[in-house]
Structure formats: structure tokens, C-alpha cells
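Q:
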Amino acid sequence: MGVHDIMITEPHPCRRGFFRRLYARVQTSNTGAYWIWRQIDENGLPLTDAERAFDSEDAALSDAVRRLNGEAVAV
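Numbering (our numbering), first residue to last: 257 to 331.
1. Going by the CB atoms, is the gap between residue 284 and residue 313 shorter than 8 Å?
2. Unbroken beta strand (DSSP E) runs of length 3 or more, entirely within the stretch 282–311: which are they?
3. Could you please give the first and the last residue of the uninterrupted beta strand (DSSP E) stretch that includes residue 327?
4. Evaluate the contact criterion for the stretch 297–306 versus the stretch 316–326: three or more CB pairs, one atom per stretch, below 8 Å.
5. In this structure, how does DSSP classify residue 276 when only helix, strand and coil are distinguished?
6. Does any C-beta atom of chain B lie closer than 8 Å to the C-beta of residue 260?
Right under this line is the structure:
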């Protein structure tokens, strides 16, 4: 199980021409047969249900970045 922060950049809602950077936290888990991911809050409580099954942790993490309109996994 891993916890990853995904960086999201979106246009600022009030300041035209500016962007803001947000972070979404996701948790990847191995169920024994496949990997899943779900978005969690700062306390580790789930915000979303588990997404579909993936063959690897990298595939699950890539799907999380794509679905959350992220740019990258923050290190």
C-alpha cells in the first residue's frame, strides 16, 4: 500500500491569467490479485470508492493522475 500526492494545476477562479496548484492524495493497494486506487483525505479516510482493477501499482497511479486531471505525482 502506498500513499501518493498528485499535483493538479488549474486556472485560478478569481484571478484571470493565473493558475493555482492543488494536490490530491491517493492510496494504492494490492488486494492480492490486482491493484486499486482511491482518493483519501489528509487523515487517510477514503473520499471515493476504489477504482477498477489494475495489473500494477504504476498502472493504478497513472490512471489516478489521468482521472484527476493531474500533471504528475509529487515527490
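Positions of the beta carbon are idealized from the N, C-alpha and C atoms, including for glycine.
A: The answer reads as follows:
1. yes
2. 291–296
3. First-last for residue 327: undefined, no H or E at that position.
4. Taking a cut-off of 8 Å on C-beta distances, the stretch 297–306 does not touch the stretch 316–326, as fewer than three cross pairs fall below it.
5. Note: residue 276 maps to strand in three-state DSSP.
6. Absence of chain B from the displayed structure is noted, only one protein chain being present.
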